[in-house]
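Participant:
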Amino acid sequence: MTIESPLEKSPVSLFTDASSRLEMALKYVNISEDALKRLKYPKASLSVSIPVRMDNGSLQVFQGYRVRYDDTRGPGKGGVRFHPNVSLDEVQSLAFWMTFKCALLNLPFGGAKGGITLNPKALSRQELERLSRGYIDAIADFIGPDIDILAPDVYTNSMIMGWMMDQYSIIQRQVSPAVVTGKPLMMGGSQGRNTATATGAYYVINTILPKFDQLPERTTVAIQGFGKVGAVLAELLCKAGYKVVAVSDSQGGIYAETGLDIPNIRRYKQQSQSIQELYCNDTVCDIVEHEIISNEDLLKLDVDVLIPAALENQITAANAEQIQAQYIFEVANGPTTSAADPILEDKGIYVFPDILVNAGGVTVSYFEWVQNRSGLYWTLEEVHQRLKERMVEETEQTWNVAQEFSIPMRTAAYVHGLHRLGEALDAKGTRDYYQNGNH
Ligand code: GLU
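Letter by letter, the sequence shown follows residues 70 to 508 in the working numbering.
(1) Could you check if S434 belongs to the surroundings of the ligand GLU, using beta carbon to heavy atom distance under 7 Å?
(2) Using a Cβ-based criterion (distance less than 7 Å to any ligand heavy atom), does A247 qualify as near the ligand GLU?
(3) Restricting to Cα atoms, I'd like to know which of D222, G258 and A181 is closest to V452.
(4) DSSP three-state call for T480: helix, strand or coil?
(5) Flag K170 as yes when its Cβ comes closer than 7 Å to any non-hydrogen atom of the ligand GLU, and as no otherwise.
(6) What number of angstroms, rounded off, separates the C-alpha of S89 from the C-alpha of S127?
(7) Between which residues of its own chain and Q466 is the CB-CB distance below 7 Å, once the five residues before and five after are set aside?
(8) Closer than 8 Å is the cut-off here; do at least three beta carbon pairs connect the region 376 to 396 with the region 442 to 461?
(9) For K497, does the count of other Cβ atoms within 10 angstroms reach 16, so buried, or fall short, so exposed?
(10) According to DSSP, is L445 part of a helix, a strand, or is it coil?
(11) Give the range of the beta strand (DSSP E) segment to which D318 is assigned.
(12) How many angstroms separate the CA atom of A515 from the CA atom of N469?
(13) Regarding N427 and the ligand GLU, is the C-beta to nearest heavy atom distance less than 7 Å?
(14) With a Cβ-Cβ cutoff of 8 Å, do Y138 and G184 count as a contact?
(15) Measure from the alpha carbon of V372 to the alpha carbon of each residue in D330, E381, Y311 and R336, then state which is nearest.
(16) With K170 as the anchor, note down where its beta strand (DSSP E) starts and where it stops.
(17) Is T448 close to the ligand GLU? I mean its beta-carbon at under 7 Å from any heavy atom of the ligand.
(18) State yes or no: is the C-beta of T382 nearer than 7 Å to some heavy atom of the ligand GLU?
(19) To which residues of the same chain is S201 closer than 6 Å at the C-beta, ignoring the five residues directly before and after it?
(20) Quick one: grab the DSSP three-state call for P246.
(21) Identify whether Q132 lies in helix, strand or coil by the three-state DSSP scheme.
(22) If you drop the 5 nearest sequence neighbours on each side, which residues of the same chain put their C-beta closer than 7 Å to that of A172?
(23) I'd like the list of long-range same chain contacts for R500, defined as Cβ closer than 6 Å, with 5 residues on each side in sequence excluded.
(24) To the nearest angstrom, how far is the alpha carbon of G269 from that of V426?
(25) Let me make sure I understand the geometry here. Which of K146, S118, P422 and L380 has the alpha-carbon closest to that of F131?
(26) Mind checking V353: buried by the 16 CB within 10 Å criterion, or exposed?
(27) In terms of residue numbering, what span does the alpha helix (DSSP H) encompassing I212 cover?
(28) Measure from the alpha carbon of E458 to the alpha carbon of each residue in V149, A247, Q195 and N275, then state which is nearest.
(29) Is N188 near the ligand GLU - that is, is its Cβ less than 7 Å away from at least one heavy atom of it?
(30) Can you give the Cα-Cα distance for L370 and F398, rounded to whole angstroms?
(31) Between the C-alpha atoms of L278 and L375, what's the straight-line distance to the nearest angstrom?
(32) What are the start and end residues of the beta strand (DSSP E) that includes K289?
(33) May I ask whether a heavy atom of the ligand GLU can be found less than 7 Å away from the beta carbon of N226?
(34) For the ligand GLU, I want to know if G145 counts as a neighbour, meaning its beta carbon is within less than 7 Å of at least one of the ligand's heavy atoms.
(35) Measuring only from the beta carbon, is P177 closer than 7 Å to any heavy atom that is part of the ligand GLU?
(36) List in chain order: all unbroken alpha helix (DSSP H) runs of 4+ residues lying wholly within the region 451 to 502.
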């Protein structure tokens with residue numbers, strides 16, 4: 070994947086863009102040269118081909134990846150994405166973000182990510198199961214409960230995580246629940262994992278907006294992406310009194326100035342699959358006046374809060390100038406390019422970064438891993454309470470770093486994460502240590 074470069078006209082890779090955020094943070098954190106050198110490269114990358122017997126008898130070979138970016142603070146951790154745009158560059162970028170996300174939330178994990186290049190909607194359930202198991206066959210030596218732990222991401226769900234855990238257990242000849250998180254409850258999943266990313270984002274929003282005296286009933290919200298995260302977050306915000314005026318999925322979106330009836334839209338979307346369809350010819354049309362909008366229109370709406378909750382590279386140098394929202398909470402990974410950052414900053418827009426806002430998912434993944442290893446399972450209330458504590462604590466700490474140096478929250482989040490990563494890397498020995506002194 071290539072995107073526009075802030076410095077030159079030629080496009081740069083997603084990873085080049087992602088890692089440029091590291092450079093921004095360096096000015097504000099005391100990190101050794103050695104630690105920085107380590108963080109510029111992924112620890113290990115694996116590309117595999119996965120042969121799958123299709124339902125019609127033919128054989129199709131899929132391309133899969135797993136990248137372990139860093140494991141200084143603990144085993145690699147990160148999701149597996151099924152999407153037509155999956156590439157090694159994208160998976161490496163996502164693994165880089167996971168490294169900083171886990172450090173920022175102080176989870177004892179490094180960062181990793183996986184993916185398979187495919188359109189999952191074109192496969193039958195049986196084909197998806199064979200592909201998921203085939204992926205584990207191909208990467209089994211590269212992962213493990215103490216090496217690298219998988220989880221859901223775009224277009225993967227708890228069923229798929231269950232197949233992956235089962236396949237790993239078959240290979241190992243022992244039940245190994247802790248190698249995958251986001252599993253079905255009955256296979257060792259955690260309460261609250263399905264809704265964890267949305268719930269975590271909700272805690273961040275509720276910690277941040279009061280600092281600006283922005284009350285829910287006076288706050289309009291637009292959400293791009295109405296999947297397992299965007300739709301749940303829309304409902305949480307709606308119930309808390311926020312006015313969600315626009316939502317969209319990959320097919321397009323809807324807008325109503327007076328606010329949308331999110332619980333109803335969720336119900337109808339489950340039946341009809343796409344937001345536009347349900348709004349054009351279903352009874353939801355009667356509930357509130359609405360307008361059909363594109364995904365691009367949604368980003369430019371005059372709302373208080375904009376929540377990109379779909380894919381990367383949505384807010385770029387090409388459209389940042391037209392963004393009207395006052396606050397952006399990044400629920401997707403990498404929705405804003407580095408070239409868009411200064412434009413948004415100049416416009417006085419506050420951007421709350423992905424590695425903080427969407428970290429609820431991996432935080433409850435950590436809780437699931439802990440429960441699998443201890444054999445003691447928590448209630449939904451316990452999960453929510455611990456999630457809230459951690460999200461609020463790290464949001465406040467990141468906020469304090471931003472205030473201390475007068476820097477944007479994204480840079481503050483990298484400073485905060487980098488500080489922990491640097492300390493962990495330096496604990497193994499620094500240049501100073503080896504050059505000066507005998508013991
Ligand atoms: N895929 C999610 C993310 O990007 C969750 C990762 C995990 O739970 O390990 O944060």
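Even glycine gets a Cβ: it sits at the ideal position worked out from N, Cα and C.
Predicted, not measured: the structure shown is a model, and the values here were computed from it.
Facilitator: A quick look at the data gives this:
(1) On the sequence shown, position 365 is the one that residue 434 refers to. For the ligand GLU, at least one heavy atom lies less than 7 Å from the Cβ of S434.
(2) Taking the sequence shown and counting its residues from 1, the one referred to as residue 247 is at position 178. A247: no, Cβ never under 7 Å from the ligand GLU.
(3) Here residue 452 refers to the residue found at position 383 of the sequence shown. Cα-wise, what sits closest to V452 is G258.
(4) Translated into positions along the sequence shown, residue 480 becomes position 411. The answer is helix: DSSP assigns T480 an H, G or I state.
(5) On the sequence shown, residue 170 is found 101 positions in, with the first residue counted as 1. Checking every heavy atom of the ligand GLU against the Cβ of K170, one is found closer than 7 Å.
(6) Residue 89 sits at position 20 when you count from the first residue of the sequence shown. Residue 127 sits at position 58 when you count from the first residue of the sequence shown. Looking at the two C-alpha atoms, the distance is approximately 44 Å.
(7) On the sequence shown, position 397 is the one that residue 466 refers to. Here the set comprises H485.
(8) no
(9) As a working mapping, residue 497 is identified with position 428 in the sequence shown. By the 10 Å Cβ count, K497 comes out exposed.
(10) Here the question's residue 445 lines up with position 376 in the sequence shown. Note: L445 maps to coil in three-state DSSP.
(11) Your numbering for residue 318 matches position 249 in the sequence shown. Where D318 is concerned, the enclosing beta strand (DSSP E) stretches over K312 to D318.
(12) An answer regarding residue 515 cannot be provided, because it is not within the stretch 70 to 508 covered by the chain.
(13) On the sequence shown, residue 427 is found 358 positions in, with the first residue counted as 1. Yes, since a heavy atom of the ligand GLU falls inside the 7 Å radius drawn around the Cβ of N427.
(14) Here the question's residue 138 lines up with position 69 in the sequence shown. Here the question's residue 184 lines up with position 115 in the sequence shown. No, they are not a contact pair.
(15) In the sequence shown, the residue the question calls residue 372 occupies position 303. Nearest C-alpha to V372: Y311.
(16) Here residue 170 corresponds to residue number 101 of the sequence shown, with the count starting at 1. Per DSSP, K170 belongs to no beta strand (DSSP E); it is in the alpha helix (DSSP H), L157 to L173.
(17) Along the sequence shown, read from residue 1 onward, the residue named residue 448 stands at position 379. Result no, Cβ not under 7 Å from the ligand GLU.
(18) Within the sequence shown, numbered from 1, the residue matching residue 382 stands at position 313. The amino acid at residue 382 is misidentified as Thr; the sequence shows Asn. Incorrect: N382 has no Cβ contact closer than 7 Å to the ligand GLU.
(19) On the sequence shown, position 132 is the one that residue 201 refers to. Closer than 6 Å at the Cβ level, and outside the excluded window around S201, lie I229, W232 and M233.
(20) What you label residue 246 is simply residue 177 of the sequence shown in a count that begins at 1. In this structure, P246 counts as helix in the three-state DSSP scheme.
(21) As a first step, residue 132 must be located in the sequence shown, where it is residue number 63. Strand, per DSSP.
(22) Your numbering for residue 172 matches position 103 in the sequence shown. These residues qualify, in order along the chain: R142, G486, R489 and L490.
(23) Here the question's residue 500 lines up with position 431 in the sequence shown. Excluding sequence neighbours, R500 sits near D103.
(24) Along the sequence shown, one-based indexing puts residue 269 at 200. Along the sequence shown, one-based indexing puts residue 426 at 357. Straight-line Cα distance between these residues: approximately 7 Å.
(25) The residue labelled residue 131 in the question sits at position 62 within the sequence shown. Residue S118 is the option with its Cα nearest to F131.
(26) Translated into the one-based positions of the sequence shown, residue 353 becomes position 284. Here V353 scores only 49 on pLDDT, less than 50, and its place in the model is too uncertain to base an answer on.
(27) The residue labelled residue 212 in the question sits at position 143 within the sequence shown. That residue, I212, is in no alpha helix (DSSP H); it is neither H nor E in DSSP.
(28) For the purposes of this step, residue 458 is taken as residue 389 along the sequence shown, with counting starting at 1. The residue with the shortest Cα to Cα distance from E458 is N275.
(29) Residue mapping note: residue 188 aligns to position 119 of the sequence shown, counting from 1. Because no heavy atom of the ligand GLU lies under 7 Å away, the Cβ of N188 does not count as near it: no.
(30) Along the sequence shown, read from residue 1 onward, the residue named residue 370 stands at position 301. Along the sequence shown, read from residue 1 onward, the residue named residue 398 stands at position 329. Computed Cα separation, rounded: 15 Å.
(31) Walking along the sequence shown from the start, residue 278 turns up at place 209. Walking along the sequence shown from the start, residue 375 turns up at place 306. Roughly 13 Å between the two C-alpha positions.
(32) If you number the sequence shown from 1, residue 289 lands on position 220. According to the sequence as given, residue 289 is Thr; it is not Lys. Where T289 is concerned, the enclosing beta strand (DSSP E) stretches over T289 to Q293.
(33) To locate residue 226, count along the sequence shown from 1; it is residue 157. The answer is no for N226.
(34) Walking along the sequence shown from the start, residue 145 turns up at place 76. No; taking the cut-off as 7 Å, the Cβ of G145 has no heavy atom of the ligand GLU nearer than that.
(35) Looking up residue 177 in the sequence shown gives position 108. Not under cutoff, so the answer is no.
(36) 478 to 495
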